[in-house]
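Asker:
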Amino acid sequence: MGVVLAACGGSSVSPNQLSEEDHDLGRATPVDTGDASGTDAATLSTTLGAAGRAQALTAGAVVGAVPATSPVPDGPPDAGEMGVFGRSFGWPIIPIHTVLLPDGRVLSYGNQLPTRPVPLLNYALWDPAAGTGTSAMQVLANTTETDIFCAGQALLPAGDVLIVGGDRAVDGVRNYANNDVNRFSPATGALQREPLSMGFRRWYATVVMSAQGDAVVLGGRDDRDGLEGGPESTPTFSPTPELRGPDGLWRSLPGATSDQALGSIGSHWYYPRAWQLPEGRIGVLTVNGPMYALSTAGDGAIERMPAELPTGSARLPSVMVAPGRVLSVRNDGASWLVDWSTKARPTVARSGNLSGHRLYANATALADGSVWVNGGSSSGNSLAGAFYASELWQAQTGQWRPTAAAAKPRLYHSISMLMPDGSVLTGGGGAPGPVAQLNAEVYFPPYLYRKDGSGLAAERPVVREAPAALGWSQQFDVRMRGEGAVSAVNLVRFGAVTHAFGNDQRVVPLSFTQSGSKLRLHSPAAAALAPPGFYMLFVMDASGVPSVARVVRLG
149 MGVVLAACGG SSVSPNQLSE EDHDLGRATP VDTGDASGTD AATLSTTLGA AGRAQALTAG
209 AVVGAVPATS PVPDGPPDAG EMGVFGRSFG WPIIPIHTVL LPDGRVLSYG NQLPTRPVPL
269 LNYALWDPAA GTGTSAMQVL ANTTETDIFC AGQALLPAGD VLIVGGDRAV DGVRNYANND
329 VNRFSPATGA LQREPLSMGF RRWYATVVMS AQGDAVVLGG RDDRDGLEGG PESTPTFSPT
389 PELRGPDGLW RSLPGATSDQ ALGSIGSHWY YPRAWQLPEG RIGVLTVNGP MYALSTAGDG
449 AIERMPAELP TGSARLPSVM VAPGRVLSVR NDGASWLVDW STKARPTVAR SGNLSGHRLY
509 ANATALADGS VWVNGGSSSG NSLAGAFYAS ELWQAQTGQW RPTAAAAKPR LYHSISMLMP
569 DGSVLTGGGG APGPVAQLNA EVYFPPYLYR KDGSGLAAER PVVREAPAAL GWSQQFDVRM
629 RGEGAVSAVN LVRFGAVTHA FGNDQRVVPL SFTQSGSKLR LHSPAAAALA PPGFYMLFVM
689 DASGVPSVAR VVRLG
């Protein structure tokens with residue numbers, strides 16, 4: 149029997165009839181605008197969005213710069229073990245999609261402002277340097293006229309955000325798909341639709357940035373069925389991958405067409421879990437368990453691997469913790485480590501167990517390579533069985549342990565994303581759902597706190613000098629403030645998160661030697677280990693406390 153996904157209103161549907169969703173807030177749905185003063189989301193919507201115009205944006209030189217930081221709050225005595233959640237603050241829309249921009253701001257989108265009468269989405273920008281009040285938020289009008297609800301997304305190597313596909317209405321009924329291609333420029337604030345569209349309509353597609361700098365688009369639903377009085381149609385899917393090259397031209401990969409890997413079987417069209425592999429191909433993990441390797445050369449090709457995972461769910465997360473190593477959460481909280489790092493044939497091994505079956509949870513790779521899971525519910529998109537406590541997986545032990553509890557439930561359409569200061573932004577949920585979460589929280593992991601029971605922030609190592617740009621297989625130097633011992637240096641790719649999946653997030657450990665305050669490092673040997681684009685460079689001291697990251701462009 150196939151996986152069952154939660155539908156709007158709390159009923160259940162089959163994978164071929166995925167939840168008929170709504171990007172309106174819903175008149176009967178409670179709205180939560182957060183707890184912190186001065187951040188009321190309704191006020192944000194009115195003051196920033198009523199005019200319906202894109203605001204002028206500026207972005208200075210950001211590559212290599214020190215990003216803004218969120219002040220680490222004092223915590224309870226166990227903060228060094230559990231971490232701490234900051235107070236929730238308002239967000240003008242539900243951040244169903246978030247992308248970390250090269251200048252440190254966060255782009256979010258996913259539903260319309262409460263004040264907007266037509267179902268076209270707004271974009272919202274958060275500037276952490278301005279705090280968490282209304283002055284830190286900007287709302288942009290959707291000038292492309294594309295409904296990007298549940299679109300695919302990726303941060304391109306040059307720093308623009310690529311948004312592909314999304315929703316489409318037919319005779320007033322939503323949840324069909326489109327094949328539009330849109331791009332957001334952080335430098336200019338411009339939103340524009342690209343002149344070339346995809347060859348296939350896609351709703352719920354994944355975008356993987358390849359070693360060649362191509363944006364490889366996988367999966368997605370093409371057309372919906374005729375539910376709820378809509379036009380009669382048979383649901384169809386888009387199992388043929390296609391890619392957008394750095395020149396903006398599109399190419400389909402008919403040789404890699406696979407309904408088993410990327411189509412209707414097992415709801416594998418639903419944001420396929422896929423990553424660039426060190427061996428050159430793209431690895432795909434499926435809900436039913438089989439794994440595939442996809443080549444983008446020529447017309448493309450796809451190969452099923454001999455190893456398999458236990459059955460999972462489209463509502464459970466997976467995350468790349470090192471090049472070719474993926475931690476995948478499967479049914480009943482079991483987590484498995486897929487090792488595709490040095491061979492063309494992956495191996496799988498059990499790696500701990502979460503405290504429960506956390507549907508719609510988010511998994512975030514942290515600065516030190518550990519993985520933090522928050523949110524979710526044992527009963528799907530419902531407050532019954534919601535998890536408020538979070539959990540941390542550590543690579544050294546391969547086990548999970550409990551961490552701090554949030555104030556807000558994070559269910560369907562919530563996000564979590566690593567920030568350059570080592571904290572995690574988590575927010576959203578709803579549309580549909582029991583609560584429209586127009587708010588966010590910042591989680592401060594245990595590595596930001598002293599281990600002496602004081603609950604105070606740890607002293608952090610400080611990077612004084614680091615290169616703004618790197619190539620592959622390159623030796624380079626980083627200078628620290630002081631000569632304290634360094635235990636690890638990691639590159640962490642900028643996040644782009646939606647639907648419990650950060651499709652391009654990866655941690656890339658770097659080898660190094662230390663001489664006083666100078667570190668001599670070696671960049672990743674090849675683009676298949678770390679595809680071109682923007683990364684956060686974290687340096688960990690002897691106690692595992694991370695520096696504030698330096699922004700580095702690789703390529």
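In terms of the numbering used here, the sequence shown opens at residue 149 and continues consecutively. Even glycine gets a Cβ: it sits at the ideal position worked out from N, Cα and C.
(1) Out of N323, N587 and D251, state which residue places its alpha-carbon closest to the alpha-carbon of R349.
(2) With respect to the beta strand (DSSP E) encompassing L410, which residues constitute its N-terminal and C-terminal limits?
(3) When you compare the CB positions of A482 and R463, do they come within less than 8 Å of one another, or not?
(4) Where D244 and S663 are concerned, what is the direct C-alpha to C-alpha distance, given to the nearest angstrom?
(5) My understanding is that G393 touches L425, with C-beta atoms under 8 Å, so please give their C-beta distance in whole angstroms.
(6) Is it right to say R369 is buried, meaning 16 or more other beta carbons lie within 10 angstroms of its own, or is it exposed?
(7) Taking the alpha-carbon positions, what's the T177 to N587 distance?
(8) Excluding five sequence neighbours on each side, which residues of the same chain lie with their C-beta closer than 6 Å to the C-beta of M684?
(9) Which whole-angstrom value is the C-beta distance of P337 and Y352, which I expect to be below 8 Å?
(10) Nearest by alpha-carbon distance to S625: which of G632, S659, G643 and K599 is it?
(11) Only counting the same chain, and skipping five residues up and downstream in sequence, which positions put a Cβ closer than 6 Å to that of P657?
(12) Could you tell me the alpha carbon to alpha carbon distance between G314 and A325, rounded to whole angstroms?
(13) Span of the beta strand (DSSP E) holding M357?
(14) When the Cα atoms are used, what is the spatial distance from A445 to A492?
(15) From the DSSP output, in three-state form, read off D180 for me.
(16) Under DSSP, the alpha helix (DSSP H) around A227 begins and ends at which residues?
(17) With a Cβ-Cβ cutoff of 8 Å, do L596 and G578 count as a contact?
(18) What residue range does the beta strand (DSSP E) around N522 cover?
(19) Compute the Euclidean distance between the alpha carbons of Q286 and L249, then round it to the nearest angstrom.
(20) Which stretch, first to last residue, makes up the beta strand (DSSP E) that contains D362?
(21) Which runs of the alpha helix (DSSP H) spanning at least 4 residues fall entirely within the stretch 480 to 523, listed in chain order?
(22) Measure how close the beta-carbons of V496 and W484 come, nearest whole angstrom, since I'm counting them as under 8 Å.
(23) Please classify S283: does DSSP put it in a helix, a strand, or coil?
(24) Run through the DSSP bridge pairs and tell me what G271 is partnered with.
(25) Going along the chain, which residues of its own chain have a beta-carbon closer than 8 Å to the beta-carbon of V693, five neighbours each way excluded?
(26) Among P387, S400 and E427, which one has its Cα closest to the Cα of A409?
(27) Compute the beta-carbon to beta-carbon distance between V254 and A302, rounded to the nearest angstrom, for a pair I have assumed lies under 8 Å.
(28) Less than 6 Å between C-beta atoms, sequence neighbours within five positions excluded: which residues of the same chain meet that for P224?
(29) Return the residue from the list E229, S345 and S530 that minimises the CA-CA distance to W548.
(30) With 16 other CB atoms within 10 Å as the buried threshold, where does S256 fall?
(31) Measuring straight from C-alpha to C-alpha, what distance separates T280 and Y591?
(32) Helix, strand or coil for L464 per DSSP?
(33) Considering only the alpha carbon of each residue, which of V179, L397, P420 and W398 lies closest to D407?
(34) According to DSSP, is Y683 helix, strand or coil?
(35) Using three-state DSSP, classify G575 as helix, strand or coil.
(36) With DSSP as the reference, label S415 as helix, strand or coil.
Answerer: The structure says:
(1) N323
(2) Careful: L410 lies outside any beta strand (DSSP E), inside the alpha helix (DSSP H) at D407 to L410.
(3) no
(4) The question names Asp, yet the displayed sequence has Ile at residue 244. Distance between the alpha carbons of I244 and S663: 45 Å.
(5) Actually they are not in contact, since the Cβ atoms of G393 and L425 sit about 20 Å apart, beyond 8 Å.
(6) buried
(7) Taking the straight line from one Cα to the other gives about 15 Å.
(8) Excluding residues within five positions, the ones whose Cβ falls inside 6 Å are P568, V640 and A697.
(9) It is worth fixing the name first, because residue 337 is Gly in this sequence and not Pro. A Cβ-Cβ distance of about 27 Å is found for the pair G337 and Y352, leaving them out of contact under the 8 Å criterion.
(10) Correcting the residue identity first, residue 625 is Asp in this sequence and not Ser. It is S659.
(11) N638
(12) 6 Å
(13) T354 to M357
(14) 16 Å
(15) strand
(16) A227 to M230
(17) no
(18) V519 to N522
(19) Straight-line Cα distance between these residues: approximately 14 Å.
(20) That residue, D362, is in no beta strand (DSSP E); it is neither H nor E in DSSP.
(21) none
(22) 5 Å
(23) Helix at S283.
(24) One point to set straight first is that residue 271 is Tyr, not Gly, in the sequence displayed. Listed as beta-bridge partners of Y271 by DSSP are Y257 and L288.
(25) Y595, L596, A606, E607, R608 and P609
(26) P387
(27) Wrong, their Cβ atoms sit about 15 Å apart, outside the cutoff.
(28) G603
(29) E229
(30) buried
(31) 14 Å
(32) Here L464 sits in coil by DSSP.
(33) P420
(34) strand
(35) strand
(36) helix
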